[in-house]
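Residue numbers (this note's numbering): 331 to 810.
We put the beta carbon where it would ideally sit given N, CA and C, even for glycine.
Computed from a predicted model, the values in this text were never measured in an experiment.
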Amino acid sequence: MSGVALESPVDPADYPLPPTLGIHRLPTVMSGMRRNIVPVLHEQFQRFGPTVRVYAPGIAEFVFVSRAADAERVFISRQDIYSKGEEYDIPALGLRTGLVTSRGARWQRDRKMINPMFAKRRLDPLAENMTRRIVAMTERWNRIRDGETIDIAKEMMRVTLEIAAETLFGTDLSEAEIAETGAAITEVLEDMLLIGASPAVWVSAALPRMRLDSAAHGHWRYRRIARRLRQLDALVQRRIDDRRDAGVSRNDFLAMLLEAEDHKSDRLTHREVMAQAVTFLGAGHETSASGLSWFWHLLAENPAARRRLLDEVDEVLQGRLPTAADIDRLPWTKACFSEALRIHPPVYLAMRTAHQDDVLGGYRVRAGSTVIVLTHEIHRDPDIWPDPTSFDPSRFLPGAGKDRPRGAYVPFGGGRRICIGSQFALMEGVLIAAATSQRYLLDSAPGWAVLEEGATTLRPRGGLPMVVRRRGSGTHTASA
Ligand code: HEM
Numbered sequence: 331m332s333g334v335a336l337e338s339p340v341d342p343a344d345y346p347l348p349p350t351l352g353i354h355r356l357p358t359v360m361s362g363m364r365r366n367i368v369p370v371l372h373e374q375f376q377r378f379g380p381t382v383r384v385y386a387p388g389i390a391e392f393v394f395v396s397r398a399a400d401a402e403r404v405f406i407s408r409q410d411i412y413s414k415g416e417e418y419d420i421p422a423l424g425l426r427t428g429l430v431t432s433r434g435a436r437w438q439r440d441r442k443m444i445n446p447m448f449a450k451r452r453l454d455p456l457a458e459n460m461t462r463r464i465v466a467m468t469e470r471w472n473r474i475r476d477g478e479t480i481d482i483a484k485e486m487m488r489v490t491l492e493i494a495a496e497t498l499f500g501t502d503l504s505e506a507e508i509a510e511t512g513a514a515i516t517e518v519l520e521d522m523l524l525i526g527a528s529p530a531v532w533v534s535a536a537l538p539r540m541r542l543d544s545a546a547h548g549h550w551r552y553r554r555i556a557r558r559l560r561q562l563d564a565l566v567q568r569r570i571d572d573r574r575d576a577g578v579s580r581n582d583f584l585a586m587l588l589e590a591e592d593h594k595s596d597r598l599t600h601r602e603v604m605a606q607a608v609t610f611l612g613a614g615h616e617t618s619a620s621g622l623s624w625f626w627h628l629l630a631e632n633p634a635a636r637r638r639l640l641d642e643v644d645e646v647l648q649g650r651l652p653t654a655a656d657i658d659r660l661p662w663t664k665a666c667f668s669e670a671l672r673i674h675p676p677v678y679l680a681m682r683t684a685h686q687d688d689v690l691g692g693y694r695v696r697a698g699s700t701v702i703v704l705t706h707e708i709h710r711d712p713d714i715w716p717d718p719t720s721f722d723p724s725r726f727l728p729g730a731g732k733d734r735p736r737g738a739y740v741p742f743g744g745g746r747r748i749c750i751g752s753q754f755a756l757m758e759g760v761l762i763a764a765a766t767s768q769r770y771l772l773d774s775a776p777g778w779a780v781l782e783e784g785a786t787t788l789r790p791r792g793g794l795p796m797v798v799r800r801r802g803s804g805t806h807t808a809s810a
């Protein structure tokens with residue numbers, strides 16, 4: 331022995347179970363899931379402390395955690411025992427078995443195959459496509475009256491969908507097809523959420539010979555999801571057929587997925603290509619759009635931060651369009667976006683199944699429980715983030731936050747299953763922020779209360795009306 335004392339292994343049996351909400355609270359939690367689970371859980375954390383369990387014997391055992399150390403343990407240091415489990419049968423209703431929902435060896439193979447598509451050398455050239463779409467958006471705005479109020483949440487949904495669709499399919503999609511795709515994806519994700527929040531589904535999943543996926547397939551909304559997915563499949567298939575007929579080689583994500591399909595030793599089946607394409611649209615569009623909506627709202631509410639952003643954008647870009655190389659030259663702009671993702675994380679929770687008994691936050695977590703990491707709560711922990719609801723982008727300037735614990739900032743999750751699109755999303759966010767701010771100022775609409783809605787992503791409830799004003803030739807006005 332070296333003489334170094336070994337840390338005694340933790341025996342979960344020595345720890346108490348977390349404060350538990352009985353089965354009678356399940357309807358409150360479930361109905362919160364349909365509308366906005368965030369304040370419902372916040373209230374429970376205030377009453378019972380940072381770890382709360384909801385237990386319905388034979389039906390479900392959820393453990394909600396809200397501390398950075400829990401996120402670190404679940405996502406990173408004990409990720410071997412916390413993996414995606416049956417709870418992902420619900421997202422799989424809409425996203426099928428693509429990268430978000432797959433597990434085990436299948437996920438490992440797919441992640442390895444898809445990782446190169448998100449490498450920097452592949453992403454950088456996408457900046458040009460992104461700015462083209464952003465300019466098209468500002469040109470649409472040129473046609474409205476200066477000072478008009480428009481729904482910025484809708485605009486962000488549109489531009490991020492256009493970017494995602496173009497990244498996946500190249501420039502093949504018509505405006506009508508893009509709109510049809512957006513409507514289908516939105517409906518699929520919403521139906522998926524409502525099925526997951528249905529107590530009837532969880533209760534019937536607990537019946538003999540039933541599983542969560544078979545119970546969910548019995549829900550009427552699943553028929554609508556299936557119809558919408560068939561519509562999306564047909565669209566993807568048309569694109570595949572077109573390019574096979576034309577024999578043209580492309581450089582978009584669909585071409586890369588098809589290459590992986592043709593690869594002899596380790597191929598994606600046709601069905602898998604479809605699942606990855608739908609996953610890409612589903613995971614990569616509303617998330618970014620919600621993050622950007624919050625960004626614009628927070629920027630409008632914080633004039634000093636906005637002035638600094640405008641100064642940075644004007645000085646660095648000197649009126650030209652931003653490129654991938656500019657991302658690191660715009661640290662304040664990037665910090666503003668990162669800070670928006672902290673205060674209002676679009677993916678406000680993450681779920682894992684505990685495969686062994688463990689200890690989280692001083693409480694025993696039993697094998698088989700579904701652990702739900704509340705990113706929203708972690709991002710507002712006052713012990714880590716002083717004055718947590720104030721917008722302070724300097725928290726994310728280069729060199730800041732070195733002492734912050736791992737797990738304190740997890741808008742993209744962490745560990746092996748960290749968001750594959752995080753660099754894509756950051757580049758897109760900075761480009762949209764910069765190229766739009768060069769041309770327009772967005773101010774809060776008077777009298778409109780901006781509230782959070784925890785739907786498929788955390789978005790502004792009822793949209794985000796903002797007043798849109800053109801900026802003078804490259805320099806911002808005194809009122810900016
Ligand atoms: C601001 C925008 C985004 C946010 C906040 C976000 C957030 C997240 C989070 C939190 C996870 C992990 C979920 C978990 O551990 O349970 C995740 C996974 C994932 N995201 Fe994102 N995401 C964003 C943008 C994107 C984009 C643009 C794409 C695609 C282009 C994308 C594709 C994916 C995929 C495929 C996964 C699953 C990765 C895996 O399990 O291997 N995301 N995202």
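- For P369, the enclosing alpha helix (DSSP H) stretches over residues I367 to F378.
- When rounded, the separation of the alpha-carbon atoms in D521 and E616 is 15 Å.
- Unbroken alpha helix (DSSP H) stretches of 4 residues or longer found wholly inside the region 620-656: 633-647, given in chain order.
- Our two residues, L598 and L562, have alpha carbons roughly 19 Å apart in a direct line.
- Taking C-alpha positions only, Y345 is separated from L690 by approximately 10 Å.
- Restricting attention to D711, E758, Y412 and M796, the CA atom closest to the CA of A494 is found in E758.
- Closest in C-alpha terms to A546, from the list A613, V531 and H627, comes V531.
- Here DSSP, grouped into helix, strand and coil, assigns L756 to helix.
- According to the DSSP assignment, P661 belongs to the alpha helix (DSSP H) that extends over P661 to I673.
- I493: member of the alpha helix (DSSP H) spanning I482 to F499, first to last residue.
- R551 carries a helical assignment under DSSP once its states are collapsed to helix, strand and coil.
- Closest option to T461, judged by alpha-carbon separation, among P723, A654, L537 and S528: A654.
- Shown here, G526 sits in a helix according to DSSP, grouped into three states.
- Rounded to whole angstroms, the Cβ separation of T350 and R383 is 4 Å, and the two are in contact under 8 Å.
- By the criterion of at least three beta-carbon pairs nearer than 8 Å, the region 669-689 is in contact with the region 621-640.
- Per the coordinates, the alpha-carbon of M681 lies some 18 Å from the alpha-carbon of A386.
- For the 8 Å CB-CB criterion, L704 and L456 do not form a contact.
- C-alpha of A435 to C-alpha of W550: approximately 32 Å in a straight line.
- Membership of M604 in the alpha helix (DSSP H) is indicated by the continuous run H600 to A613.
- By the 16-neighbour rule on beta-carbons within 10 angstroms, T501 is exposed.
- Secondary structure note for G729: it is in no alpha helix (DSSP H), with a DSSP letter that is neither H nor E.
- Measuring C-alpha to C-alpha distances from V780 to each of P633, I750 and S620 identifies S620 as the nearest.
- Going by beta carbons, E782 and H674 fall inside the 8 Å limit.
- Residue side-chain check: L503 keeps its Cβ at 7 Å or more from all non-hydrogen atoms of the ligand HEM.
- The beta carbon of D419 lies closer than 7 Å to those of L542, D543 and A546 in the same chain, with the five residues before and after it left out.
- In the three-state DSSP reduction, T350 falls in the strand class (E or B).
- In terms of Cα proximity to R725, the closest of I702, L771, W662 and D575 is W662.
- Counting along the chain, the unbroken beta strand (DSSP E) around E782 starts and ends at E782 to G784.
- Looking at the DSSP output, R789 shares a beta bridge with E783.
- I714 places its beta carbon less than 8 Å from that of P735.
- Taking 8 Å as the cut-off, the Cβ atoms of P652 and A765 count as close.
- Taking a contact as a CB-CB distance under 8 Å, the pair V701 and V430 does not count as one, their CB atoms being some 18 Å apart.
- Pairing Q606 with G777, the inter-Cα distance amounts to about 42 Å.
- When secondary structure is reduced to three states using DSSP, P795 falls in the strand class.
- When the beta-carbon positions are compared, H706 and L794 stay at least 8 Å from each other.
- Here the C-alpha atom of L356 lies approximately 18 Å from the C-alpha atom of G379.
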